[in-house]
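Following: one structure in structure tokens, then a few remarks.
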Amino acid sequence: MAGHSKWANIQHRKGRQDEKRGKAWTRVIREIMVAARLGGGDPTANPRLRLAIEKAKAVNLPVDTVKRNIDKATGNLEGVNYEEIRYEGYGIGGAAIIVDCMTDNRVRTVAEVRHAFSKYGGNMGTEGSVAFQFKHCGQLVFAPGASEDKVMEVALDAGAEDVISGDDGSIEVLTPPADFEAVKNALAAAGLEPAVAEVTMRAENPIELAGDDAARMQKLLDVIEDLDDVQDVYHNALIEE
12 MAGHSKWANI
22 QHRKGRQDEK
32 RGKAWTRVIR
42 EIMVAARLGG
52 GDPTANPRLR
62 LAIEKAKAVN
72 LPVDTVKRNI
82 DKATGNLEGV
92 NYEEIRYEGY
102 GIGGAAIIVD
112 CMTDNRVRTV
122 AEVRHAFSKY
132 GGNMGTEGSV
142 AFQFKHCGQL
152 VFAPGASEDK
162 VMEVALDAGA
172 EDVISGDDGS
182 IEVLTPPADF
192 EAVKNALAAA
202 GLEPAVAEVT
212 MRAENPIELA
222 GDDAARMQKL
232 LDVIEDLDDV
242 QDVYHNALIE
252 E
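Add 11 to a position in the sequence shown, counting from 1, and you land on the number used in the working numbering.
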């Protein structure tokens, strides 16, 4: 895509997430609690909880904090009961946005998300209004310079559904969500460490934004991401820096 690089956008997103590490513990704790409540407190039998614990390790969340919140979620300790809610809407230039939240107060959360959309140039949509523009999948992205042949061989043998080479030299591996762990582990065993590895909502039709539109879109995303109840924000904007 002229003037844009998928790798540059991914690095930009990671950098902004790293700047917001203050929220990282809160988000990981909520994910652990919901995963444990829905699938049980045994990570070996609960893939979602395993991934949440991996995220906890990545942000240096103490082990005893992980255990305490698993116990809260499974009823061994008294704790807050969070529910998952997804909101959809449009940003600048018609860019699609999905906002995943975990909250103990649905009324508060929807009001805050709606206010952010309306104040910063977006529009809240109805359920399903933009989700069709995204694919729920495992995504592993390798920096430019990785061996495409080796990544492709290992990934496809392990159950990946697609390997995409970017014009910028990056390599993207896509998997069904259920096969994400197996593919990630196979790549790691082969000495292939992705820069990004997550189960995500991947935009199918990216929209390029530049100049003032790019700046306004980034502001809208920043405001939404900073809301206390927001866990993840997905969008299809390629934002020119």
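Heads up, the beta-carbon is just placed ideally off N, CA and C, and yes, glycines get one too.
Between the C-alpha atoms of tyrosine 245 and alanine 206 there is a straight-line separation of about 18 Å. Non-local C-beta neighbours of methionine 163 in its own chain, meaning closer than 7 Å and more than five positions away in sequence, comprise Val174, ordered along the chain. Distances from the CA of glycine 100 to each of Lys130, Thr137 and Asp111 were compared; the closest alpha carbon is that of Thr137. For phenylalanine 145, there is no enclosing alpha helix (DSSP H); the enclosing beta strand (DSSP E) covers residues 145-153. In the pairwise beta carbon analysis, the segment 212-220 is classified as touching the segment 138-149: at least three pairs are separated by under 8 Å.
With a cutoff of 9 Å on beta-carbon distance, valine 124 and glutamate 94 are scored as not near each other. If you draw a straight line from the Cα of valine 241 to the Cα of phenylalanine 191, it comes to about 24 Å. Contact check for glycine 51 and threonine 76: beta-carbon distance about 19 Å, past the 8 Å limit, so the pair fails to qualify.
Going by beta carbons, leucine 249 and isoleucine 218 fall inside the 9 Å limit. Classified as exposed, lysine 130 has fewer than 16 neighbouring CB atoms from the shown chains inside 10 Å of its CB.
A direct Cα-to-Cα measurement between isoleucine 64 and isoleucine 108 gives close to 27 Å.
In this structure threonine 186 is buried. Its beta-carbon is surrounded by 16 or more other beta-carbon atoms within 10 angstroms.
Under the three-state reduction of DSSP output, aspartate 190 falls in the helix class.
In summary, aspartate 224 is buried, with 16 or more beta-carbon neighbours lying within 10 Å of its beta-carbon over all protein chains present. Per DSSP, the beta-bridge partners of leucine 220 are Ile250.
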